[in-house]
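Trainee: The sequence shown begins at -16 in the working numbering and counts up one residue at a time. Heads up, the beta-carbon is just placed ideally off N, CA and C, and yes, glycines get one too. None of these values were measured; they are calculated from a predicted model. Sending over a structure as structure tokens; questions will come in a sec.
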Amino acid sequence: MKLTAAFLKIIRWPNLVFIALTQVMFFYCIAVPALHAAGLKPILSNGMLALLTFSSLLGAAGGNIINDYFDLNIDKINKPEKVIVEKYISRRWIIFWHLLLSVASIIIGIYISYKTRILWIAFANLSCVVLLFLYSVSLKKKFLVGNILVSALSAWLIMVVSLIEFSVFIHVSSTDFFALRKIMRLGILYTCFAFVISLVREVVKDMEDMEGDRRYGCTTMPIVWGVNAAKVFVAVWLIVLIAALVILQLYAVTFGWWISIFYSVILIIAPLVYIFRQLFAAYSPQQFHSLSSVIKLVMFTGIVSMLFFYF
């Protein structure tokens, strides 16, 4: 494996594409149209949005790198063929890249705060970098704590854009404020979707990685509660997610949004039902890995559904 390919793999470039797609699509498909409907301009210019997204990418990439650093021994058991640390990139360079990417993310966050006069952006960026480091060091080994943290950080990618653009409410009339509520409504909707689907995937991945996790003292849900109990936990959240999506489609029927309904049923709800049905039949790491891949596909189709709010 070439060094460039190894670096792209360790930063998990497909996940970074998800991050960029999530923030860009929410901004242009939901936030900007809602602001224009209220006769307002976005707080984030195109350049500022690019910087915000780039900062998110750098922070996530730095977190992914340091995660593999601390997971080296576990990965040698769970997925030896995918190990990058020491095999292709030395530990010293891993630390260097983690520090470089993380510090760059923090600096960009400070710059965005300065330009937009929204001071909490810098604090949020710093917090995300610190939490990703703590996750890699110890939190990921704790019962449910790591799962919730990763899910919350995934959801934050959407909520941060919502909060930045919704902050213009302090300057608008009550009529414009009513129009702006669409940003927060849809922001909360997609934030909840991102949190739940990420939580489901994290627990499924824990079931996939049980062997190595148990050997190195991790206390993940399938290790503490057992695989069957972990499956029940995942199943409950899948039921909640499917039920919520079905209710949303029934609401959409009253507006005649048939194309979006068809899309949601075929590409979001149906795969979730498939995951639910296959969950209790899965026992091998390969089967859990396949389920994790389908969940990732649902994440993608969920993000793309933002296009319907633009059109």
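For M204, collect the residues of the same chain with a Cβ closer than 8 Å to its Cβ; drop the 5 residues on either side in sequence, then sort them by chain order.
Mentor: Working through the sequence shown from its first residue, we reach residue 204 at position 221. Correct list, in chain order: F126, L127, N130, V186, D189, A212, A213 and F216.
Trainee: Can you check DSSP and say which residues form a bridge with I72?
Mentor: Along the sequence shown, one-based indexing puts residue 72 at 89. Answer is V68, bridged to I72.
Trainee: Whole alpha helix (DSSP H) runs in the region 1 to 64 with 4 or more residues, listed along the chain?
Mentor: 15 to 20, 29 to 53 and 55 to 61
Trainee: What residue range is occupied by the uninterrupted alpha helix (DSSP H) comprising R198?
Mentor: Locating residue 198 in the sequence shown gives position 215, counting from the first residue. Start and end: M193 to R198.
Trainee: Report the three-state DSSP secondary structure of F126 (helix, strand or coil).
Mentor: Locating residue 126 in the sequence shown gives position 143, where the first residue counts as 1. Coil, per DSSP.
Trainee: Alpha carbon to alpha carbon, how far is E148 from T174?
Mentor: Here the question's residue 148 lines up with position 165 in the sequence shown. Here the question's residue 174 lines up with position 191 in the sequence shown. Cα-Cα distance, rounded: 15 Å.
Trainee: Rounded to the nearest angstrom, what separates F290 and Q6 at their Cα positions?
Mentor: Along the sequence shown, one-based indexing puts residue 290 at 307. Along the sequence shown, one-based indexing puts residue 6 at 23. Residue identity check: residue 290 is Leu in the sequence provided, not Phe. Cα-Cα distance, rounded: 13 Å.
Trainee: When you compare only the Cα positions, how much space is there between N108 and K98?
Mentor: Here residue 108 corresponds to residue number 125 of the sequence shown, with the count starting at 1. Here residue 98 corresponds to residue number 115 of the sequence shown, with the count starting at 1. The straight-line gap from Cα to Cα measures roughly 15 Å.
Trainee: Taking only the alpha-carbon atoms, compute the straight-line gap between L233 and V281 and give it to the nearest angstrom.
Mentor: As a first step, residue 233 must be located in the sequence shown, where it is residue number 250. As a first step, residue 281 must be located in the sequence shown, where it is residue number 298. Their backbone Cα atoms lie some 20 Å apart in a straight line.
Trainee: Could you check if L115 is buried or exposed, using at least 16 other CB atoms within 10 Å of its CB as the buried criterion?
Mentor: Translated into positions along the sequence shown, residue 115 becomes position 132. By the 10 Å Cβ count, L115 comes out buried.
Trainee: When you compare the region 237 to 249 with the region 267 to 279, are there three or more beta-carbon pairs, one atom per stretch, that lie closer than 8 Å?
Mentor: The region 237 to 249 makes no contact with the region 267 to 279, as fewer than three CB pairs between them are under 8 Å.
Trainee: Look at F301 and G46 and say whether their C-beta atoms are less than 8 Å apart.
Mentor: One cannot answer for residue 301 here, as it falls past the ends of the chain, which runs -16 to 294.
Trainee: Alpha carbon to alpha carbon, what distance is there between M167 and A17?
Mentor: Taking the sequence shown and counting its residues from 1, the one referred to as residue 17 is at position 34. Taking the sequence shown and counting its residues from 1, the one referred to as residue 167 is at position 184. For A17 and M167, the distance between alpha carbons rounds to 10 Å.
Trainee: Taking all protein chains shown into account, decide if L224 is buried (16 or more other Cβ within 10 angstroms of its Cβ) or exposed.
Mentor: Within the sequence shown, the letter at position 241 stands for residue 224. With 16 or more Cβ atoms within 10 Å of its Cβ, L224 is classed as buried.
Trainee: Could you tell me the alpha carbon to alpha carbon distance between L163 and F292, rounded to whole angstroms?
Mentor: Translated into the one-based positions of the sequence shown, residue 163 becomes position 180. Translated into the one-based positions of the sequence shown, residue 292 becomes position 309. Taking the straight line from one Cα to the other gives about 14 Å.
Trainee: Alpha carbon to alpha carbon, how far is N61 from P25?
Mentor: Stepping through the sequence shown from its first residue, residue 61 is reached at position 78. Stepping through the sequence shown from its first residue, residue 25 is reached at position 42. Near 46 Å, if we compare the C-alpha coordinates of P25 and N61.
Trainee: Would you kindly check if the distance between the Cβ of L82 and the Cβ of E69 is under 8 Å?
Mentor: Numbered from 1 along the sequence shown, position 86 holds the residue referred to as residue 69. Numbered from 1 along the sequence shown, position 99 holds the residue referred to as residue 82. Going by C-beta atoms, E69 is not nearer than 8 Å to L82.
Trainee: Helix, strand or coil for K188 per DSSP?
Mentor: Counted from its first residue, the sequence shown places residue 188 at position 205. Of the three classes helix, strand and coil, the one that applies to K188 here is helix, per DSSP.
Trainee: So, at 8 Å on beta carbons, what are the nonlocal neighbours of I48 in its own chain, with the 5 sequence-adjacent residues on each side left out?
Mentor: Here residue 48 refers to the residue found at position 65 of the sequence shown. These residues qualify, in order along the chain: I(-7), I(-6), I77, W80, H81 and L84.
Trainee: Could you tell me whether the Cβ atoms of I95 and I89 are closer together than 8 Å?
Mentor: Indexing the sequence shown from 1 puts residue 95 at position 112. Indexing the sequence shown from 1 puts residue 89 at position 106. In this structure, the beta-carbon distance from I95 to I89 does not fall below 8 Å.
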